Amino acid sequence: MLNFSFHNPTRIHFGKNQIRKLSHEIPRDARVLIMYGGGSVKKTGLLDKIKIVLKDYDIGEFEGIEPNPSYETLMHCVDKVRNENYDFLLAVGGGSVIDGTKFVAAAALYNGEPWDILKTFGSGITEALPFGTVLTIPATGSEMNSGSVITRHSEQSKLFFTNPHVFPFFSILDPELTFTLPKKQIGNGVVDAFTHVMEQYMTYPVNAHIQDRFSEGLLLTLIDQGPKALKEPENYHLRANIMWCATLALNGLIGSGVPQDWSTHMIGHEITALYGLDHAQTLAIVLPAMLTVRKADKKEKLLQYGERIWRITQGDDESRMDDTIEKTKEFFHVMGLKTRLSDYEIPHEGIDAIMTQLGRHGMVLLGERQDVNPAVCRKVLELCY
Ligand code: NZQ
Ligand code: ZN
3 MLNFSFHNPT RIHFGKNQIR KLSHEIPRDA RVLIMYGGGS VKKTGLLDKI
53 KIVLKDYDIG EFEGIEPNPS YETLMHCVDK VRNENYDFLL AVGGGSVIDG
103 TKFVAAAALY NGEPWDILKT FGSGITEALP FGTVLTIPAT GSEMNSGSVI
153 TRHSEQSKLF FTNPHVFPFF SILDPELTFT LPKKQIGNGV VDAFTHVMEQ
203 YMTYPVNAHI QDRFSEGLLL TLIDQGPKAL KEPENYHLRA NIMWCATLAL
253 NGLIGSGVPQ DWSTHMIGHE ITALYGLDHA QTLAIVLPAM LTVRKADKKE
303 KLLQYGERIW RITQGDDESR MDDTIEKTKE FFHVMGLKTR LSDYEIPHEG
353 IDAIMTQLGR HGMVLLGERQ DVNPAVCRKV LELCY
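Here you go:
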């Protein structure tokens with residue numbers, strides 16, 4: 003096992019009606035800005051319920067944080083926070099709203115040009131406003147981590163930053179809040195969480211048996227519960243298992259003490275920035291191709307994953323690895339996602355455009371061994387087509 007330091011300060015309140023805890027968690031004298039997306043929280047009645055819990059608070063609202071939250075929109079929110087002196091933020095929504103809130107929390111107190119937060123991957127952040135979250139879509143793990151991904155449309159960039167100052171103070175995880183999700187978002191969430199596990203598990207062995215077993219537990223649970231949740235969207239127990247899986251998939255626990263890949267995510271971000279695909283749609287395309295191209299590097303873990311997750315034990319190593327990758331693809335199809343760039347009518351020249359963007363953003367030596375160079379990325383993208 004590799005050396006690691008692990009600290010996760012986010013308090014989780016999990017279960018039915020946990021939004022009541024908001025009034026325990028937010029200081030009574032805080033000036034609270036509730037931040038949300040395109041309106042689902044109004045339609046579902048969640049916003050009204052939150053306002054009832056916070057009836058004795060001084061609150062304001064910021065609406066309109068879009069999926070793949072944009073710098074352009076969020077800077078309006080930064081101005082609002084600064085001009086109206088909010089000192090506590092409450093994100094109500096999915097990964098996009100939570101990521102946007104993290105950016106605003108840091109940018110509101112940042113000396114200098116806020117886009118530099120992204121350009122320096124968050125290393126320049128020295129403080130941030132406190133914030134909590136009410137999660138409405140299990141997918142990203144943003145509710146219990148210190149990462150955020152922001153898009154700047156004017157330069158077609160989708161970049162991430164991370165910093166310990168942007169861990170949420172608390173997150174409310176009520177599985178009932180996910181009953182209203184469209185099927186597409188259920189599929190997206192499961193595939194995103196699945197890929198988060200794979201980015202931390204599917205590398206090379208370092209004798210980290212407990213991390214492997216935790217990861218395999220999350221993968222097996224997603225494979226079992228994900229398709230059922232598509233059929234029974236109001237089954238509380240299915241939703242609860244998926245929700246907790248997605249949080250545990252990216253809260254630092256399974257990634258501690260092991261090598262990590264993330265090349266699928268970095269390529270996926272460029273595809274979203276250029277062509278607007280949902281985050282999980284890009285992962286379902288890139289991950290199978292990435293595993294295929296890098297079979298030799300990932301051989302030991304691929305065989306382990308095939309055997310323990312998909313029960314593939316017959317045949318030579320090569321055919322076992324191929325069958326394993328095929329099973330992974332089939333699972334993405336079952337969850338309703340497509341697995342080729344051409345399925346989204348992206349022209350073949352798009353590969354050049356994606357390669358150019360990767361170069362511009364310094365994404366040239368990716369993967370657990372930093373050997374996923376532009377030639378490897380191009381091979382992967384050709385296979386995605
Ligand atoms: O905007 P509203 O109207 O609220 O609708 C949203 C949105 O259209 C809707 N929705 C959310 N909860 C709902 C609901 N509709 C009905 N009922 C509910 N309960 O779902 C749509 C998608 O929401 P979004 O927040 O964009 O989805 P997700 O949670 O998948 O977040 C994706 C973003 O997170 C980033 C992605 O890149 C992408 O920008 N990621 C963040 C990570 C992190 N911070 O650690 C890691 C991930 O790898 C990922 O990159
Ligand atoms: Zn992701």
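Residues 3 to 387 in this note's numbering are what the sequence shown lists, from first letter to last.
No residue lacks a Cβ here, since even glycine has one placed at the ideal position from N, Cα and C.
A quick note: this is a predicted structure, and the numbers were derived from the prediction, not measured.
Counted as a single uninterrupted DSSP element, the stretch harbouring R13 is not any alpha helix (DSSP H) but the beta strand (DSSP E) occupying residues 13-16. In the three-state scheme derived from DSSP, where H, G and I count as helix and E and B as strand, D60 is classed as strand. The Cβ neighbour count for F169, taken over all protein chains shown within 10 Å, is at least 16; the residue is labelled buried. Here T197 has T266, L285, L289 as same chain residues with Cβ atoms under 7 Å from its own Cβ, once five neighbours each way along the sequence are excluded. Three or more Cβ pairs closer than 8 Å define a contact, and the stretch 343-357 meets that threshold against the stretch 257-276.
When C-alpha distances from W117 are compared across A251, P140, S72, the shortest belongs to S72. For S321, the uninterrupted alpha helix (DSSP H) run begins and ends at 319-336, by DSSP. One thing to note: L131 has its Cβ within 9 Å of the Cβ of F90. For K185, the three-state secondary structure derived from DSSP is helix. For F133, DSSP records a beta bridge to L91. Within the chosen limit of 8 Å, the ligand NZQ reaches the beta carbon of P71 through at least one heavy atom. Per DSSP, reduced to three states, the secondary structure at S7 is coil, with no helix or strand assignment.
Judged by DSSP secondary structure, V34 falls within the beta strand (DSSP E) whose first and last residues are 33-38.
At least one heavy atom of the ligand NZQ lies less than 8 Å from the C-beta of F162. In this structure, D345 lies away from A282, with their beta-carbon atoms at least 9 Å apart.
The Cβ atoms of L76 and L24 lie no closer than 9 Å to each other. The beta-carbon separation of T135 and G149, rounded to 13 Å, does not stay under the 8 Å limit for a contact. F64 is a Cβ neighbour of K82, given a cutoff of 9 Å. Within the chosen limit of 8 Å, the ligand ZN does not reach the beta carbon of L339 with any heavy atom.
The C-alpha of P177 is placed about 15 Å away from the C-alpha of V43. In the DSSP assignment, V43 falls within the unbroken alpha helix (DSSP H) covering 42-45. Between L339 and M323, the CB-CB gap reaches or exceeds 9 Å. Relative to the non-hydrogen atoms of the ligand NZQ, the Cβ of Q262 never comes closer than 8 Å to any of them. In summary, H15 is buried, with 16 or more beta-carbon neighbours lying within 10 Å of its beta-carbon over all protein chains present.
K185 and N5 have their C-alpha atoms roughly 40 Å apart. Contact between the stretch 28-42 and the stretch 96-106 is present: 3 or more CB-CB pairs across the two stretches fall below 8 Å. A Cβ-Cβ separation of about 20 Å leaves V260 out of contact with A298 under the 8 Å criterion. With a cutoff of 9 Å on beta-carbon distance, M245 and L221 are scored as not near each other.
Look at T358 here: in three-state DSSP terms it is helix. A residue is called buried once 16 or more other Cβ atoms fall within 10 Å of its Cβ, and I212, having fewer, is exposed.
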